[in-house]
Amino acid sequence: MIVQALKGYLLHLGIEKRVSEATMRAYEGDVVQFTDHLRAGLSREPDFSDAEPLAVRSFLGRLSRDGYSKRSVARKIASLRSFFAYCADRGLCAADPTIGISAPKTGRSLPVFASVQAMNRMMEIPPLDTMRGLRDRAVLEILYGTGMRLSELAGCSVGSCDFERGTIAVVGKRNKERVLPLGGKAAEHLRRYLEARYRASPAVFESRAGLGAFLGPALREPLVAGRGGERISKRTIQRIVRRYLEHAASLARMSPHVLRHTFATHLLDAGADLRAVQELLGHASLSTTQIYTHVTTERLRAVFDKAHPRS
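Sequential numbering of the sequence shown, starting at -16, is according to my numbering.
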């Protein structure tokens, strides 16, 4: 049965492949959606004998009719291909029904990023006389100053920071840890935020783990906290970024990932080495990072076309 195989596949992804929870949910959703498609024409639970190449093509056709983008369809094919390869390797199905089925070609869209001026404007918006303002400024400075992912910031604890060395450790995709430089502005505003939290409730920081670290906060305390002192949610970080970014720039997207794109683009604009940027972003492949070189090249071309008399 496909449903039972899916449970084992998810364990395989989480334990052996060490993929993120978000990726696991996406893969699970894609396989469940395909299973639902099979179930629609049956009076019983679908099994592997129902998952034929024709059924896969029928599923993809339905996705296209329902208005799914080429990128979404390509991702769902990748999910099914991974799942059925796992099942075929373990003898759960006779053959992989996705073999010979190609994904639609998707043009790679260039990352959305903000200007240096927009970043400077955004940083001046949060009021620094309130706990919320201090927190928001710290969040913005960290995301733009390190290029870390939304999930990486949400998972950071106070002990992730080494203020003496000016670094912050994050756990990225596939649970890979990397140590990032914490710039002067990010360190300054993170320190101010943590100091304010400690002054507001020193007993809370000290009693939870009994380990004094930076001004007393326990190393296991969340680096960025919600209203009740709990670890900040990803949704809250998204709201913080959107709230300030939309007042500082006019962009097609307003998300934490825009700050990550902006971080990488500004580094390359200033002459940073591509492989160094790859390491900072935590990209497994250099080709993923190379998309930012297209951004800088297109900008240079636009400047040339506008300014050169023989363009």
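From the three backbone atoms N, C-alpha and C, an ideal C-beta is built for every residue, glycine too.
Note that the coordinates shown come from a computational prediction; the quantities given were computed from them, not determined experimentally.
Distance CB(residue i)-CB(residue j) smaller than 8 Å
i, j, result
"D13", "L63", "yes"
"A121", "A232", "no"
"R243", "G130", "yes"
"Y275", "M105", "no"
"L257", "T271", "no"
"N158", "R58", "no"
"K156", "S3", "yes"
"T6", "R54", "no"
"F31", "Y127", "no"
"H249", "V15", "no"
"M114", "A183", "yes"
"F96", "V278", "yes"
"G265", "R161", "yes"
"V241", "L251", "no"
"L263", "L165", "no"
"P296", "V56", "Past the boundaries of the shown model lies residue 296; the chain is included only from -16 to 294, so the question cannot be answered."
"A43", "A34", "With the sequence shown as reference, residue 43 is identified as Leu, and Ala is not the correct amino acid for it. No."
"E124", "K168", "yes"
"E28", "M(-16)", "yes"
"L117", "A170", "no"
"P239", "L133", "yes"
"I(-2)", "D119", "no"
"H230", "I108", "yes"
Backbone secondary structure at residue i - three-state DSSP
i, result
"E124", "helix"
"E178", "helix"
"I151", "strand"
"K0", "helix"
"E171", "helix"
"I274", "helix"
"H266", "coil"
"T280", "helix"
"D256", "coil"
"L234", "coil"
"S32", "helix"
"A5", "helix"
"S184", "coil"
"D13", "helix"
"P134", "One point to set straight first is that residue 134 is Ser, not Pro, in the sequence displayed. Correct three-state label for S134: helix."
"S239", "Residue 239 is actually Pro in this sequence, not Ser. Helix at P239."
"I220", "helix"
"T113", "coil"
"K159", "coil"
"A247", "helix"
"R27", "coil"
"E107", "coil"
In DSSP terms, what residue i is bridged to
i, result
"V(-14)", "Partner(s): none; V(-14) has no beta bridge."
"P164", "T150"
"D145", "T150"
"P205", "S140"
"R214", "A208"
- Message: Quick check on the DSSP output: what are the complete alpha helix (DSSP H) runs of length 4 or more inside the region 39 to 101, in order along the chain?
- Response: 53 to 72
- Validate contact between the region 140 to 154 and the region 166 to 174 using beta carbons, cut 8 Å, 3 pairs: yes
- Inter-stretch contact (C-beta, 8 Å, three-pair minimum) for the region 201 to 213 and the region 123 to 141: yes
- Query: Quick check: the region -12 to 4 against the region 66 to 84, are there 3 or more CB pairs under 8 Å?
  - Reply: yes
- Is there contact here, the region 80 to 100 with the region 211 to 219, by at least three beta-carbon pairs under 8 Å? no
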